[in-house]
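Comments concern the structure below.
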Amino acid sequence: MRMYKILATLFLGGISFGGFSQSLLVTDPDQDQANPLDCSVFNNGSVTNFFDSGNNTAPYGPNENETIVICPDLVNGSKVSLAFATNAGYMWDVDGSDTVYVYDGPNTSAPLLGAINSVTHPNGATFQASFANNSSGCLTVVFVSDGAVEGDGWDANVTCGNPPQPFEAHMVAYINGDIAGGNDMSPVDTGYVDVCQGDSIMFVATPVFPYDSAITGTGYDQQNNHDNEWAFSDGTTAQGDTVWFVPGAAQGYLVTLTTSDHFPQSEIIIAKIRVSTTPSFASCAPLSDTICLGSATGLVGGVGVQDTAGVDPTQSSIIIGGSYAGLTYLPDGSGQVYTTDVNISGYPIGTQISSAADIVSMCVTMEHSFLGDLEMTLECPNGTTVTIFNSYSGGGELVPGGFNGGGTFLGEAFDNNIGNPGIGWEYCFYDGAPSGAWATGYPTVPVTNPPSPSNGNSIPAGDYEPEQTFGAFAGCPINGSWTITVQDNLGIDDGYIFEWGIVFDPNLNPNNETYAPTIVSGDWVSHPDIITNTDTAVVVVPSDTGDNFYTFAVTDDFGCYYDTTIMVHTVLGAEIMPNASACDNMFQVTGTSSLAGGTWFEVNGAGVASFSPSAANDNPNISVTESGLYLFAYVDNQCQDTLYVAIDFIPDPEATLLDTLICEGDVYTMDATNPSSTYQWFLNGVPIVGATNSTYGAVVEGMYMVAVQNQCNAVNASAEVETDPCVLVVPNVFTPNNDGVNDVFEVTGIEIYIDPNLEVYNRWGQLVYKSEQYDNTWDGRDMNGNELTDGTYYYLLNATRPFTLEEKKFQGTVNIFRKY
Numbered sequence: 013m014r015m016y017k018i019l020a021t022l023f024l025g026g027i028s029f030g031g032f033s034q035s036l037l038v039t040d041p042d043q044d045q046a047n048p049l050d051c052s053v054f055n056n057g058s059v060t061n062f063f064d065s066g067n068n069t070a071p072y073g074p075n076e077n078e079t080i081v082i083c084p085d086l087v088n089g090s091k092v093s094l095a096f097a098t099n100a101g102y103m104w105d106v107d108g109s110d111t112v113y114v115y116d117g118p119n120t121s122a123p124l125l126g127a128i129n130s131v132t133h134p135n136g137a138t139f140q141a142s143f144a145n146n147s148s149g150c151l152t153v154v155f156v157s158d159g160a161v162e163g164d165g166w167d168a169n170v171t172c173g174n175p176p177q178p179f180e181a182h183m184v185a186y187i188n189g190d191i192a193g194g195n196d197m198s199p200v201d202t203g204y205v206d207v208c209q210g211d212s213i214m215f216v217a218t219p220v221f222p223y224d225s226a227i228t229g230t231g232y233d234q235q236n237n238h239d240n241e242w243a244f245s246d247g248t249t250a251q252g253d254t255v256w257f258v259p260g261a262a263q264g265y266l267v268t269l270t271t272s273d274h275f276p277q278s279e280i281i282i283a284k285i286r287v288s289t290t291p292s293f294a295s296c297a298p299l300s301d302t303i304c305l306g307s308a309t310g311l312v313g314g315v316g317v318q319d320t321a322g323v324d325p326t327q328s329s330i331i332i333g334g335s336y337a338g339l340t341y342l343p344d345g346s347g348q349v350y351t352t353d354v355n356i357s358g359y360p361i362g363t364q365i366s367s368a369a370d371i372v373s374m375c376v377t378m379e380h381s382f383l384g385d386l387e388m389t390l391e392c393p394n395g396t397t398v399t400i401f402n403s404y405s406g407g408g409e410l411v412p413g414g415f416n417g418g419g420t421f422l423g424e425a426f427d428n429n430i431g432n433p434g435i436g437w438e439y440c441f442y443d444g445a446p447s448g449a450w451a452t453g454y455p456t457v458p459v460t461n462p463p464s465p466s467n468g469n470s471i472p473a474g475d476y477e478p479e480q481t482f483g484a485f486a487g488c489p490i491n492g493s494w495t496i497t498v499q500d501n502l503g504i505d506d507g508y509i510f511e512w513g514i515v516f517d518p519n520l521n522p523n524n525e526t527y528a529p530t531i532v533s534g535d536w537v538s539h540p541d542i543i544t545n546t547d548t549a550v551v552v553v554p555s556d557t558g559d560n561f562y563t564f565a566v567t568d569d570f571g572c573y574y575d576t577t578i579m580v581h582t583v584l585g586a587e588i589m590p591n592a593s594a595c596d597n598m599f600q601v602t603g604t605s606s607l608a609g610g611t612w613f614e615v616n617g618a619g620v621a622s623f624s625p626s627a628a629n630d631n632p633n634i635s636v637t638e639s640g641l642y643l644f645a646y647v648d649n650q651c652q653d654t655l656y657v658a659i660d661f662i663p664d665p666e667a668t669l670l671d672t673l674i675c676e677g678d679v680y681t682m683d684a685t686n687p688s689s690t691y692q693w694f695l696n697g698v699p700i701v702g703a704t705n706s707t708y709g710a711v712v713e714g715m716y717m718v719a720v721q722n723q724c725n726a727v728n729a730s731a732e733v734e735t736d737p738c739v740l741v742v743p744n745v746f747t748p749n750n751d752g753v754n755d756v757f758e759v760t761g762i763e764i765y766i767d768p769n770l771e772v773y774n775r776w777g778q779l780v781y782k783s784e785q786y787d788n789t790w791d792g793r794d795m796n797g798n799e800l801t802d803g804t805y806y807y808l809l810n811a812t813r814p815f816t817l818e819e820k821k822f823q824g825t826v827n828i829f830r831k832y
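Structure (C-alpha cells):
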C-alpha cells in the first residue's frame, strides 16, 4: 500500500492543476478564521491536497490525536468541502480501530457530520459546511489512532467556493390591487385566490434569501441577481416581481412562479385561481305566479343542498404532477445517496399504474462529470423501485452489477469538483424509447471549452429506455410521493439535478379539479309586500293588481354578489274564512265568496278529510277521520289561485287512573295529561286546593278523582289508593311438630311484597332450603322433603317493596325446635 501511495504521488506530480500549489496535512497548523484557506488556490476538486501525517509517502502513526480547523477566506469562497475517496489518485485506508471525525464548524463543539474509517465507510465520504448551522463555512477534522493497527492513511481533497445558497420562494396576491386588505391567497404561497367575475389580481413575488451576500458578508448576491418568471394556464406569461392577471372566464387557472438566482438554481411554486361561477336561479320562483288580490303566495330562493336553487359547478383544468423545485446537488460520492421527490395528487382515489404505457415519460435535467460511478432508481408511492440506469459495478453499489459507464459526462459538466453547476441536459426515460437503454451501448458527443465548462464526452440529451421496465410499477398508486434516488460511488466528480418530473397517460385522468362556490348568504331585498321572511322563503301579499316584482340576492364564499327578480301577477279573486278550530271531528265552512266557485282539498293533516255535499261546494261540511291540525286549500276557478286555511280538530279529553296499594310514606304520582286541557283533582269528593296540574302525587288513602276539560268536552277518572305499613316481622324460632301451633316459618307482612325470595343455610354454609316465591309454608324440611335437625339456621330473605319497587334484604338466624 505504501508503494501505491508513492506511485500515486509520482503520477500526480506529472500533472499541472491550473493554479494549484498548496496542500494540507492533518498535522499542519489550523487554517482557522484568523488564517483561512486561500480559496483562489484551493479551488480544484479533482486533485488530492489533504493528507494524513504520512504526507503521501508513509502511513500515519500510532496513538495520534490530531485536530485541524479548515476555514474559507469568505472572499473567494464561503464553504469548505472535504472528500475522502478510493478511486484513481485518491487513497482511503483508515483502520477500523482508528477514526476521522468531521465537525460542521470552527471547533469540535460544532455538530458532528460524521465519524468514519475504512470499515464504516469503505469508499470514503464527502462533507460540506452547511448553510443552516454554520455561518463560518469551516470544517473541523479530528483524527485519532490507537496503538494497535494502522492503515496507510488518506489522500483526500479539500476545496472552498461558493456553492448554491438555499432560498425560499414566496408569492402573495391582492385582488384588484388592494394591498391594505392583506394577502388574498390561502393557504399562503400555493393556495387559492378566489375572485369574482371582472376582478383582476396583482401577484407579487416575495422570495427570501437568508444566505445572500448582503446578509452573510460572503457568497454571492441573490437579492439583486434573480429572476421571476410567471406562467398562467391560459398561456399568459410575464416576468418581474409584480404582475397583473385578469381572468377571462368563470373558470379555474394555474399560476406558476419560477424564481431563479444566477447560480443558477430555481424554486417553483404553483397557486390556483378560482373565478366565481354564476349561480343558477332556475328554481328560484313563486309558488304561484298569478294570485288574487289580497292573497298571499310564497317566493322560494335557495342557498343550501336542500334548497331548490343551487350553484352550477364549473370545472377548472389543474395539471397533475410537477417538477422538482430547485437544485439537488450531487457532490463527490464514495457511496453517498441523494434523493429528490415529487408529490403527485389529484387523481381519483385508487388510480393505479396498470402497464408501462401508463408512464409517458420520466424526465430529468442534470449534469454530472463521471457516469462510471452513478446509479439512479425511481421509487413509486408503495415502495416498488425500478432501475433507471446502473453504471457502477464496484462494491457497495445501490443496484448489483453495472455497465461501467467510465468517464462519460451527463450534460455539460464542470470537472473541477468545486460545486459549480454546469449546463444540464434533459434525459427522458420510457419503455420503447428509440435510443434504447444506456446499458446496451450509449452514444457520446464531445463537449469542449468553449462553450462547455470542461472538456469531455457526454451522452446526448434525448429519449432512453430505463434499465428495468416501468411495467414493474403495475399496481402502484399514482397519488403519493415518487422518489429519484442517486448513489454516487466514487470521488473527484460532482453534478446537479436541476429538475425532474413524470408525465402520465392523460387517459388515466382528465387532469381536472372541480370547484363550486358555496352560497353563504341569501335574502330577499326589502319590499313592503313581504309579510314574513325566513331568508330563503318569503310570503308576499301584493298590494296592487298587475305585475309585482321581488328581488332575491345571494353572496357566495368568494364574496361575490348575484341576484334575480321574480314576478307575481295579481288579479281580483276569492275570499275564505280565517283559521279556525272544531270539535267532534266536524266543521261547517262559512264565509266563502268567489266569482266562479272553486274546489276544496286537503293539503295535509292527521287523517283523511271528506267534504259534504262535495268538495266543489263553496261552504261544505268537513269531516275528518282523526283529530289534529289540518291544512285545507281552496282553488278559485276565477283566479286559479290557491287560498289556504288551517283547522284544528280538537279531540275529546281522556283520563284513566288505576287503583293501587302503596306503602306508607311512598308517593303515587297519577297522570291525566291531555293536550290543551284544564285539571282539578279531588280527594273523597272534596276539591284539593291548588291541584290543577295534569299530575298529582297521592300519599294518603282515599278515593282520588280528576276532572279534565277542554273546549270540546269534559271527562272524569277516579282511583282508590290504599296504604299499608309494609313492615316485615321475621320469627327467630318455630316448632314444626304438627301441633297446629307455630308449625311453619311465617313472615308477617310478606304478602304485601313482590317476589319474596328465601334461602336457608345450615351452620356449615350449606343451602338446605330455597323458595323463589316464599308463601309462609316452610315447615323445617330440606329441599328433598327430609326433616332438618333441630338447631340454628341462617336465612336470607330478599323482597321487593310494592309500588316503589325498592329491593329489601333481610338476614338472620332461626331456630327449629320440634320438642315443644
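Following this note's numbering, the numbering of the sequence shown begins with 13 at its first residue and continues without gaps. Backbone N, C-alpha and C fix where the C-beta goes; we use that ideal spot for every residue, glycine too.
Where residue i falls: helix, strand or coil (DSSP)
i: Gly25; result: Any reading at Gly25 needs caution, since the residue's pLDDT is 29, under 50, leaving its predicted position unreliable; the model's value is listed next. Here Gly25 sits in helix by DSSP.
i: Asn754; result: coil
i: Ala168; result: strand
i: Gln823; result: strand
i: Gly483; result: helix
i: Ala70; result: coil
i: Asp385; result: helix
i: Thr672; result: strand
i: Leu520; result: helix
i: Glu409; result: coil
i: Glu763; result: helix
i: Ala337; result: Caution applies to Ala337, whose pLDDT of 40 falls short of 50 and renders its modelled position unreliable; the model cannot decide the point.
i: Thr812; result: strand
i: Ile227; result: helix
i: Ala425; result: coil
i: Trp776; result: coil
Spatial neighbours of residue i in its chain, beta-carbon cut-off 7 Å, leaving aside the 5 residues before and after
i: Pro259; result: Val207, Tyr265, Ile285 and Val287
i: Pro199; result: none
i: Val583; result: Thr302, Cys304, Leu305, Thr557 and Cys651
Reference residue i; option with closest CA among the options
i: Val53; options: Thr69, Gln34, Gln43 and Thr39; result: Gln34
i: Thr801; options: Tyr807, Phe215, Gly792 and Leu809; result: Gly792
i: Ser366; options: Ala484, Pro472 and Ile471; result: Ala484
i: Thr397; options: Pro71, Thr685 and Thr389; result: Thr389
i: Val657; options: Tyr806, Tyr646 and Asp664; result: Tyr646
i: Ile509; options: Phe516, Val515, Asp517 and Asp500; result: Asp500
i: Gly761; options: Thr735, Tyr102, Thr747 and Asn749; result: Thr735
i: Asp660; options: Val753, Pro687, Asp559 and Asp678; result: Pro687
i: Trp242; options: Gly231, Gln234 and Trp256; result: Trp256
Same chain, Cβ closer than 8 Å to residue i, five either side skipped, listed in chain order
i: Asp353; result: Tyr336, Ser493, Trp494, Thr495 and Ile496
i: Asp50; result: Gln34, Asp85 and Asn88
i: Asn145; result: Asp116, Gly117, Ala122 and Pro123
i: Asn728; result: Ala667, Met717, Val718, Ala719 and Val720
i: Gly697; result: Met715 and Met717
i: Ser10; result: Lying before the first or after the last residue shown, residue 10 is absent from the chain, which here runs from 13 to 832.
i: Gly229; result: Leu86
Contact check, residue i vs residue j, beta carbons under 8 Å
i: Phe382; j: Leu269; result: no
i: Gly468; j: Asp427; result: yes
i: Ser58; j: Thr39; result: no
i: Asp575; j: Val532; result: no
i: Thr672; j: Phe815; result: yes
i: Ser555; j: Ala586; result: no
i: Pro665; j: Asn597; result: no
6 Å Cβ shell around residue i - same chain, five flanking residues per side excluded
i: Pro663; result: Ser639
i: Val712; result: none
i: Thr604; result: Ile588, Asp630 and Asn631
is_contact[residue i, chain B] using C-beta, thresh 8 Å
i: Val772; result: Here chain B cannot be found, since the structure has a single protein chain.
**Contiguous alpha helix (DSSP H) assignments of at least 4 residues, all confined to the stretch 235-300** = With a minimum length of 4 residues, no continuous alpha helix (DSSP H) run stays inside the stretch 235-300.
**Message:** Which runs of the beta strand (DSSP E) at least 3 residues long sit entirely within the stretch 74-108? Give them in chain order.
**Reply:** The beta strand (DSSP E) runs lying completely inside the stretch 74-108 and spanning 3 residues or more are 77-82, 91-96 and 103-105, given in chain order.
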